[in-house]
Structures are given as C-alpha cells and as structure tokens.
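Chains as they are written, first to last, in the numbering used here: chain H, 1 to 392; chain Z, 1001 to 1392; chain X, 2001 to 2392. For each residue, glycine too, the CB sits at the ideal point set by N, CA and C.
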Amino acid sequence: NMRGYTQLRYNQPLSGDRVAGDPELKSVGDKSIGNNSNFFLRRVRLVFSGDINDYISMYLQPDFATDNGDLNFAQLRDAYFDLHFDKAHEYRIRAGQSKIPFGWENLQSSQNRLTLDRADALNSAVPSERDLGLMAYWTPTDVQKLWKNLSKKGLKTSGDYGVLGVGVYNGQGINKAEGNDGMYLVAHSTYPLELDFMGKAMRGQVLEVGADAISGQFNRSTSSCSAGTPCYLNGEKVTSSIKSSDSLKNNSEDRVGVHAVLFPQPFGLQAEWNWGAGATLNAETRTVERQHLSGGYVQAMYKIDEVFGTKGTMIPYVKWQTYDGAWKGSTNAPRVQVDEVEAGVEYQINKALELTVAYASMSRTNIADATKADYLKQAGGDLIRTQLQVNY
Amino acid sequence: NMRGYTQLRYNQPLSGDRVAGDPELKSVGDKSIGNNSNFFLRRVRLVFSGDINDYISMYLQPDFATDNGDLNFAQLRDAYFDLHFDKAHEYRIRAGQSKIPFGWENLQSSQNRLTLDRADALNSAVPSERDLGLMAYWTPTDVQKLWKNLSKKGLKTSGDYGVLGVGVYNGQGINKAEGNDGMYLVAHSTYPLELDFMGKAMRGQVLEVGADAISGQFNRSTSSCSAGTPCYLNGEKVTSSIKSSDSLKNNSEDRVGVHAVLFPQPFGLQAEWNWGAGATLNAETRTVERQHLSGGYVQAMYKIDEVFGTKGTMIPYVKWQTYDGAWKGSTNAPRVQVDEVEAGVEYQINKALELTVAYASMSRTNIADATKADYLKQAGGDLIRTQLQVNY
Amino acid sequence: NMRGYTQLRYNQPLSGDRVAGDPELKSVGDKSIGNNSNFFLRRVRLVFSGDINDYISMYLQPDFATDNGDLNFAQLRDAYFDLHFDKAHEYRIRAGQSKIPFGWENLQSSQNRLTLDRADALNSAVPSERDLGLMAYWTPTDVQKLWKNLSKKGLKTSGDYGVLGVGVYNGQGINKAEGNDGMYLVAHSTYPLELDFMGKAMRGQVLEVGADAISGQFNRSTSSCSAGTPCYLNGEKVTSSIKSSDSLKNNSEDRVGVHAVLFPQPFGLQAEWNWGAGATLNAETRTVERQHLSGGYVQAMYKIDEVFGTKGTMIPYVKWQTYDGAWKGSTNAPRVQVDEVEAGVEYQINKALELTVAYASMSRTNIADATKADYLKQAGGDLIRTQLQVNY
C-alpha cells in the first residue's frame, strides 16, 4: 500500500523580524521560524507498507523535504519490519529504523498531531523520534481493539507501540552513523483505561496513562570554529567551543517520563513530563558535563463535529510547554530554555484536507549557529502560524 | 497512479574539446555539454499522482538524477495539491511546489518538449521552472476539452495552467531556502484559438497566444573566492566577486513575456519573447545592479505521422534562440549572452520510446565556476546531440 | 510492479576494537565494520519495474541507505530499459545505468547472494557493480528457461545478463560524473551446462562457466591534504598524496576474469578469478602508475531444505578470497591486499525473512582516510557478522 501526507507552512512573526543586535528567534521544530521566511514544506511523506505474510509486515517511509545543502532531498524516516509471534499480533519484534518508544506525543504521527510541533522537553530525548535497533512490543487484543475504535471516532491515538515495550538502539540520532560501542536502552508502558466504571458521566471516556525510561551513551560533535571564523560562547569569541574533545565521547544520558491523556469527547486533556540528566555544554568552562534536565507540557482541547453543518471537524486547543536542559541533537549539546504557549484550531475540512491556524508566544535559546553572535542567547517573539495538510 | 520518464543523453562536440586557453562551452540546461563527457542521465522521473476526492488532487514528482556532490540523488520537483472549487474543475488553487506560470515552454513538460532544452531567455525567469507558493487558475470547460483533444492527436500542449492564473511564491528558486521577506507575484494568460473561422484552409488549426508577467525580490549568494583560490572577473584575479555583500539582498526583478504557438497540423510555429530588468553582476564595478534583459526564441516544426508505414511519428524542427541578461539562478547573477540554432528530429518510435537527434550551434557565456580563468568568457561550438527517452 | 528488500546488519569484532596505534580494520563492502559500530542498514531497496509493451521494459531501483554526509539518502542504483528486438526476448539492448557484466557474483543480486559481501578481487573491477552506458545481450530461449527453473528450485542464479554480452560505458563509477572522453568496453560470456550426460550421479546438476573482459580509461581524484591536515603515505606526513596530478587522468585498466559455478543440489561450488593491470598509487614515488592486479575466491555450500520439518531452507557455506591490486573506486587508487575466510549459514525462514550468521577472519589494507596515520596499513581481525534480510 502507498499513502502519505504533506504539510505546507507559513509563519508570520507579529513582532516582526529581529532588530540588528537582538538575538534571532529560531525553533528546532520548524526551520521556517526565523527571519526572511515565507512558504515552507515541513514534511512531504510517502509510506510504502503492507503485510508480507501473516507474521511479517513492512513499513518504509522516506521524507521528501530533507535539507542537505539544498532543500527537499529524499531521506529515510522509517524502514522497519514487524516480526509477529502470533496470528493475533499480540507479541512482536520491530527491527530496523523506527520510533523509539519514549513519550506519548513522540509516538503520535505528525499527520495526527493537533499542535504544529512536538514539545521540546520530550522530543529532546529522541530528536526526530527515530533510531536504529530492535524493539519488542506486547499489545493485548482488547487494547488493539480499543485503540482502533478510538481512531474510528476521529480521536488521535499515538499508534500501537504496545502497552509494554523494551528496546535497544544505537542512540546517535536518526540517520547518523553510530559513534561508540554503547547502546541505548528504552522501556515503555502505556494503558488506555475505559472510565465507564466511574459512572454515567464518564461513559465512553478513555484515559491513557503510562511511563517510559531511556538510558544510554552517545558521542557529540563540536562546532568547527577557527581563528578566521570564531565561535561565540558566553559573550566571548573563541576558536573552539570545547577545550578538549575527550568530553565529547561516550556521554551518558538517563531520563524518565510520564504521560496522561484524556481523549476529547468532547473535552480532552493531555500532559507529559520528563526528568533526567545528560551531557550538556558548559559555556563558561567550555566542557561537556552531565547536567540535570526537566520539562514537559499540558494541553487542553475540545472536539466539535459537523461544524457549519458539514462533515468537517474543528478542534480548538491550547498548549503550554517548558524545557530546561541539553539539546543533544545539536552540535556541542548546548543547554536550552524553552517556554511557549500555543493557542490554535485544527479544522479538518474533509479526510484529505486540514487547516491549522495558531497563535504562539515563545522564548527559546538560539542554538542555530555557534559562529554567530546570538548563539546561546535567549530570543522571544509572537507568531501567527498556519499549516495546510493534505492526506493521500 | 504512478508514471514517469527517463532521458538518457549523449552529446558529441563536432569542434572537439576546447584547446587549453580557450573558454569551455557549458550550458545551464545540460551538464553533459562540456569537455570529458559521455553518457548522461538528464532526467529520471517518477510521478505519484491522483484524485483524492472530487475536489482535491495530488501530484508528487521526485527526480532521481539530482547532482549533490555525487550524481543521481532523489530530490523533489513537484509537490502540490489542486483544491478545486467546482466539480467541473474550472476554478482551483494550487498549493505547494509547482511550476510558476511564466512562459509557454516553461510550463510544457520536458517529456513532451520537442527540443532538448528550454530556451534560456524565458527559463532564466524561473530556473527549473518551479517554486513554492499558492497559485489560482481558471480554465473554462471548453478550453479543458480543446487541450485534451489536441493531446489525443499527439500535439504537444503546455498542460493546463489555466487561461488565467495568478500566484504568489517565495522566488528564491526551486529547493532553495527563502532568503528575504519579499515574495514574487506572477500573472499568466493564454488562450487557444480555433482558426476554423478563417476558412477551409485553416480548418482544425489551433493558435495559442498569451502574455505573462512576474515581479519580485530575491537574494543572491556570491562565489567563495579567497587569496588561495581567487576568482576571475574581467580578466583580473580578485579575492571576492562582490565588493560589498549588501548588494546581494532584496534584488528586484520584473519581466513581461508573450507567446504564440501554432500547433503542427502538420506545419507548426512557436515563438516567445520576454523583456525586463533585474539584479545583474557588473564585472567591472563588482557590484550587483539592476540591468535590462531580453530574449526569446522562434521554432518551426513539421509533424509526420505513420512514418515508414508504422505507427511512429517524426517531427523535424529548427529553433533559434537568443538571450542577453542576468542568469539569476547562478551565484553572483552574472550576465550571459546566448545565441543558438538547433535543428533536429524527434522520432516517436512508439508510445514508450522516443529518439531525438539534433545538431546545435551555440555561443554561450561560461558561468560554470568563478574561480576558473574562463569565467564570464564567451564560448562557442557545434554539437551533435542525441537523447533516448523512455515513457513509463 | 513494486518490490524490494532491506538488510539490517550487526557486526561484532571478536578481537575487540583496535588498540590505539594499531591500524583499524575497515572493509569497502560494509561501513559498519570498524570501531564504534552497532546496528547498520546496509541496503534499503525499492524496485519499480515492468513491461511497458512487448518490446520495452523498465527497471528503476533507488537505494534508501546512501551516505551523503548523513545516512540514508535516496540515490539511484539502476535506471535502465531493455529494448527487445524479438518477442522471445532473445536479443536486446539495455540502455541506462545498469550492472556491468564483469564477473558472476557481481551480477547476482545482493538479495540472492549467500555471503554478506562480494569478493573484492572481482568487485574492484566495477565498484557498486553499475555504470552508465549501452549493453547488448543475447539469451537463447532454452537458457532463459533453464535459469528460471533453477530459480524456482530456490537456487541462486546471477540473473539474466545473456550468455553473450558486450557493452560500452562511462567507466568513472556509479553515480560519478564522467571525467574523460574515453569509454570502457566490456565483453561477457557464461553458459549453464546440464550435466545429465555425465550419468545418473549428475542428473539435474548444472555447471555454469564463463569468462569476461573489460578495458578502458578512468580519471582518479586525489586526497585533499594540506599543511594543516597532512596525509600519511609510507610512514611520512605529506601535504599531497600525488606529486603531479597529471598522473590522475586517462588511466588505463584491463582485466580478464573467469568463473565456474556448480549449483548446490545439494552440494555446490563456486569460484572466480581475475587478472589485469591498472592505475595504482605508488606510495613511495607518490605517483599513479600501471601495476598488475589479481585475485578471486572459492566458495563451497550445501543446501538443506525443510529444516526442522518446516518450509525453511538452510545453506551453510565457506568462502575464501584474496586480492592484491588497486582499488580504483577510492581516492588515489591505492593498492590493497585482502585475505579473508568467511564461514556462515543463511537461514531462509520463509520467503520474506532470511537470517545470516557468519564468522569472518580478515586481513585488509586500510584505505578509509588518507589523513589518518593508519592509511595503507594492513589490519586484521575476527568478526561475528549477522544480517537480517526482509524481502517484500
């Protein structure tokens, strides 16, 4: 089978482009946030998937909007195989490049997600959500059925990554060559509770709760600064971001996360949080050292069916997120502080077409380029963000 | 649906490789024109397209012959969606990366084009023909039907981009990150006139005429030359092509173009011209300044059906083109002078297989590499050009 | 039609990572052989193929595991068309990028190959097995039928590249721009002999024998070393690997190869050898000069059907290979010495899933990076190698 989706975005800063000297507001989740930006293809996906036989299924997903100097090259997101041990598909091994089961929003497809980007606190654990390895999942038949029923009602599940899952993976990040002998371990749990037992008021309501943990080692690269193009750290020009590159190797990271999701029938709530410690650039001593990190988000939404008397659905939402800790997916593993409120509405005009319009007020640490003067400076701004998504 | 086509080329300079010291003949339309060249995959295309529902259709076209250091990487050409307002598909919005409706030959697919490359004068307006934005098109039902009938007869239309179209797009060029806040505007018109009213001699003949305009702002990059690898400008070695990089930003460009096409039944004529002004490198002052540009082409062709008693079709053609103006798709936006005559024949052996053999005599400004001594020098030569095209 | 396969690998050196100072063991056939390595996607392939009409068929195969800075970009392997001259498909021209018919194992798909990598001696003739050009093949109907019957029995043929084939191609290597006007020539022959005439003991046994030759010219690039990052040659630091770059152009190469394959019913034998001469880096004089090369492999295997009473098949094998000569696919065309023994077993669990586990003892010249001190040093080691292959 072939399917896919495309996201076309247009972000407009209400506060205007930055004035010279002010740090530029950039976001790791959307390269078209920043100065001098107009239309942008955030995701162009094509999925080739299918059951090869009763026990083996395949899933291959390239993205056609990958930046590699120029834009819009094709690069793999997923390339995995489910090896099922039973015909009911309760037990399976997933082999290849696939999503790492840490966090609930991380596992939910961007095709389904209400907000434009994932929360940084959880996404920083697994940048681009995927890595290469082996995962084992267990999903009882009744939970498979419940998740399918929720999807049929138009509710946004995070997909089937088991009620329990454990895995081992490289840990260097999506599409990056492994850099050390150490691997990451991940453990995942989630369970959708039917709240009918709480009385008539809660009939049909579903609350999903769970917890995850990861632990592992990764290597970081450092910025290539020189006397000619110095880096900016802590207000000074330096010729190297890191005093000794020894501190870039075999950095350990450990995290635990929790999540709770009340599916919107019609009112919903969603919250996640994670805590941990990991390799982080200390800009004063210019070393990479183990520092604490924490953050999460809370989101409320309301599902309105048959808007304007049509088959369309509208879901207004508001999301608050915060994160303070390392962004390991970036060179030097710099420490970032993120605070953001996003209020918007997703309008599902029909099955093929979705329009999202949101207002976002954000404050983020600029980690775009170590050779620019605003590196590691805090930048803030208000934006109107729009996205047209077509599902095919 | 899936379909596609591949073009395998072989160009042979009759005048031989250049002698040392002479400038090398290179063409922006075909990288295999130049020294040391043999077989070349010019285009390897795969199109995924279809109607998602009555009002929404999708079109996704990667090219598998993109140079990104090594050859033959996959990169997006088109990724757009038609959002129709009526079931007859007379009115629609096209959202995403698609062809910018400036010029007639620009809009015609390379799968259909008779000549090997597009004329530089018109193509310089929108290098690679595509950009990211929103277009609105209007195509009355009778014109839709006329174009379809022409295609059925084996006549090469330019595809349906409306009889009227307007659009807004980034303007930085295909698969390039937007570089400024300004956008490009485009307005397009074309109309196929049935000439039956002119009497029996013109029965069934169709003449398509129209005019287009674009206006917008773009940013240019400049060559990275240094003391170690100097650039060559105006006969001198310089360490930077541009004195101040300020002149590279927010360059304005404005163009108008006209076209007229008599479809070959059996004799056809096709001509386009455009005039305008845009940012252009002044090699003497080493600044980018607004200069005039103009150019176009005239092409004659003759369609012979059932050649050799088979179902094959042969179309001999001759094309003359000229252009004097900026090539904005190249670093520094250098001024080029192009004069070319191409005489050839396209032999459609069957629906799947086309062989084109052409003789070309061309004179072009070398803009391949600013660090080489023949940069901006005029080079000329005669070539035999061949192309095998397979449609699938 | 669409089909494909993916190979997920995991190599574990028994001898451990190299000690500092020792040269690192790397292999041209598998980038995940080396220090600091875990899971690796060796091949992620998708094939689009089909008969367009009775005389023309197409084959388009991108690989989604190409390294281009980051991993897993999509790049072309094959893009060719068979132009048949007769309905029986005995005579045809293959145009485009396709496998060069030199060697038997080179032509066999990696999807079918028993061992993890191809033998270096033969593969060094055509790195990545493919190039851009025109080939002519002749395959009599009875041989077409015999090869199909062997495949149906689960025997691994090398695919239909004719019993005779000749071709002309660029010769610069897969997905590399042509670098000179000279082209390569290739001639290929192979024939599967039914051994029934040798008596009852040989009933149904098939022995395929043949010989190939190539001759041509290619250009080599050289390592970019400088005073800041010197190269290591012959134990010395140098600022350039080659004294004069003249010796990198128009290097000639000539090879002949022979092969013999007894298909395993149940016992099989396979052997190939090639001899020749080609451009090779002389590390002492720092020039590229014509030197002799030779090498090949011998492989024995045993096919066990219905293992454990299932429909699975198991094929234990042992392969010995050696090569001494230039590796033209690498910068500088360095001389390598390879000696390797691999003993393993391929377990075809079902049509979709294959697991290969092998023990390999290898000695190879390190040609990974001329700026590292172990460049051109001989490295050895023992590995356990595993591969999970999914066919879809």
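| query | result |
| --- | --- |
| Where does the unbroken alpha helix (DSSP H) through Leu-122/H begin, and where does it stop? | 120-123 |
| Between Met-2362/X, Ala-2121/X, Asp-2382/X and Glu-2354/X, which lies nearest to Gln-2111/X when the distance is taken from Cα to Cα? | Glu-2354/X |
| Take Pro-1013/Z and list the residues in its own chain whose beta-carbon comes closer than 6 Å to its own, dropping the five residues that flank it on each side. | Gly-1381 and Leu-1383 |
| Quickly, what does DSSP pair Lys-156/H with across the bridge? List them, please. | DSSP output for Lys-156/H lists no bridge partner at all. |
| Look at the Cβ atom of Val-1298/Z, then the Cβ atom of Trp-1275/Z, and state whether they are nearer than 8 Å. | no |
| In chain order, what residues of the same chain have a beta carbon less than 6 Å from the beta carbon of Ser-2158/X, not counting five sequence neighbours either side? | Trp-2104, Leu-2107 and Gln-2108 |
| Taking all protein chains shown into account, decide if Asn-219/H is buried (16 or more other Cβ within 10 angstroms of its Cβ) or exposed. | buried |
| For Gly-2071/X, which of Asp-374/H, Ile-174/H and Tyr-302/H has the nearest alpha-carbon? | Note that residue 2071/X corresponds to Leu in the displayed sequence, not to Gly. Closest option to Leu-2071/X, Cα to Cα, is Ile-174/H. |
| Does DSSP put Trp-147/H in a helix, a strand or coil? | helix |
| What residues in its chain sit with their C-beta under 6 Å from that of Glu-289/H, if we drop five residues either side in the sequence? | Asn-282 |
| I need the DSSP call for Asp-131/H, collapsed to helix, strand or coil. | strand |
| Using a cut-off of 7 Å between C-beta atoms, extract the partners of Leu-132/H located in chain X. | Phe-2039 and Leu-2041 |
| Quick check on Lys-2351/X: does DSSP put it in helix, strand or coil? | coil |
| Does the CB of Asn-53/H have a neighbour CB from chain A at under 8 Å? | This model lacks chain A altogether; the protein chains it does include are H, Z and X. |
| Is the stretch 1260-1277 of chain Z touching the stretch 1234-1245 of chain Z, taking contact as three or more C-beta pairs under 8 Å? | no |
| Is the Cβ-Cβ distance between Asp-2160/X and Gln-2144/X less than 8 Å? | yes |
| Buried or exposed: where does Arg-1286/Z fall if 16 or more other Cβ atoms within 10 Å of its Cβ makes it buried? | buried |
| With distances taken between CB atoms, is the gap from Asp-2254/X to Phe-2102/X smaller than 8 Å? | no |
| Scan the stretch 291-378 of chain H and note each continuous beta strand (DSSP E) run of 3 residues or more that stays entirely inside, going in chain order. | 313-326, 335-350 and 353-365 |
| Taking contact to mean 3 or more Cβ pairs, one atom from each stretch, closer than 8 Å, check whether the stretch 2018-2035 of chain X and the stretch 1038-1050 of chain Z are in contact. | no |
| Between Glu-178/H and chain X, is the shortest Cβ-Cβ distance under 8 Å, so that the two count as touching? | yes |
| So, is Met-1198/Z buried or exposed, given that buried needs 16 or more other C-beta atoms within 10 angstroms? | exposed |
| Going straight from the alpha carbon of Ser-2361/X to that of Tyr-2323/X, what length do you get? | 15 Å |
| Return the first residue and the last residue of the beta strand (DSSP E) that Ile-2093/X is part of. | 2091-2099 |
| Cβ closer than 8 Å: which chain X residues qualify as neighbours of Val-1357/Z? | Correct list: empty, because the minimum Cβ distance to chain X is about 15 Å. |
| Quick check: what's the CA-CA separation for Gly-1235/Z versus Arg-1018/Z? | 19 Å |
| Output the boundary residues of the beta strand (DSSP E) element that contains Asn-68/H. | 56-68 |
| Does the CB of Val-44/H have a neighbour CB from chain Z at under 8 Å? | yes |
| Leaving out five residues before and five after Arg-1042/Z in sequence, what residues of the same chain have Cβ atoms less than 6 Å from its Cβ? | Gln-1007 and Arg-1009 |
| Is it the case that the stretch 2125-2136 of chain X contacts the stretch 2299-2319 of chain X, given that we only count it when at least three CB pairs across the two stretches are under 8 Å? | no |
| Can you pull out the residues from the stretch 76-94 of chain H whose beta carbon lies closer than 8 Å to at least one beta carbon of chain Z? | none |
| Determine the contact status of Leu-2376/X and Asn-2391/X, defining contact as a CB-CB distance below 8 Å. | no |
| Can you name, in chain order, every residue of its own chain whose Cβ lies under 6 Å from the Cβ of Lys-2156/X, other than the five neighbours on each side? | Asn-2112 |
| For chain Z, check one thing: does any of its Cβ atoms lie closer than 8 Å to the Cβ of Phe-2048/X? | yes |
| Please decide whether Tyr-2297/X counts as near chain H, where near means a Cβ-Cβ distance under 8 Å. | no |
| With 16 other CB atoms within 10 Å as the buried threshold, where does Ser-2027/X fall? | buried |
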